[in-house]
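Worksheet: the structure to be examined is printed underneath.
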Amino acid sequence: HLFMPPSPSPPPTHLILLAHGLDGHPDDFTALLATLRTHLPAAPKALLHSSAANLGANRDGVDAGARRLAAEIRGVKAGCPSLETLSVVGHSLGGLYLRAAVAELW
46 HLFMPPSPSP
56 PPTHLILLAH
66 GLDGHPDDFT
76 ALLATLRTHL
86 PAAPKALLHS
96 SAANLGANRD
106 GVDAGARRLA
116 AEIRGVKAGC
126 PSLETLSVVG
136 HSLGGLYLRA
146 AVAELW
């Protein structure tokens, strides 16, 4: 669920990461992703990513979910080294995971 701006855009420098809630799915953000994609021409350096790190594995605590999410963020960054900044959007438990993941990353 990764959306890269179409080429020949410059490489993205900003990651916008979305994390679903309890028993959620990355597709829960379909409408939000569509809205953000509509507005990306104004911000072509953004990379949208709907997290799947906790898909089917979100009942073992916030710390475990945050570690999985932090690992996913590191993986996205490794695959796109031009990324410099991060914005996060979390729904319910996804927000708790994100707060803990960001604390682990920084």
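Just so we're aligned: the sequence shown equals residues 46 to 151 in this note's numbering. Just so it is clear, CB atoms sit at the ideal spot from N, CA and C, and this is done for glycine as well.
- Secondary structure of L143 (DSSP, three-state): helix.
- If you look at A109, you'll find it isn't in any beta strand (DSSP E); it sits in the alpha helix (DSSP H) that goes V107 to G124.
- Linking A123 to T130 through their CA atoms gives a straight-line distance of about 14 Å.
- The distance from the Cβ of Y142 to that of A91 is about 21 Å, inconsistent with a contact at the 8 Å cut-off.
- When the Cα atoms are used, E149 and S54 turn out to be separated by approximately 31 Å.
- In the DSSP annotation of this structure, L85 is not part of any alpha helix (DSSP H), being labelled neither H nor E.
- The criterion of a C-beta distance shorter than 8 Å is satisfied by L114 and A98.
- S132: member of the beta strand (DSSP E) spanning T130 to G135, first to last residue.
- For H59, the uninterrupted beta strand (DSSP E) segment begins and ends at H59 to A64.
- Cβ neighbours of V133 within its own chain (closer than 6 Å, five residues either side excluded): L62 and L143.
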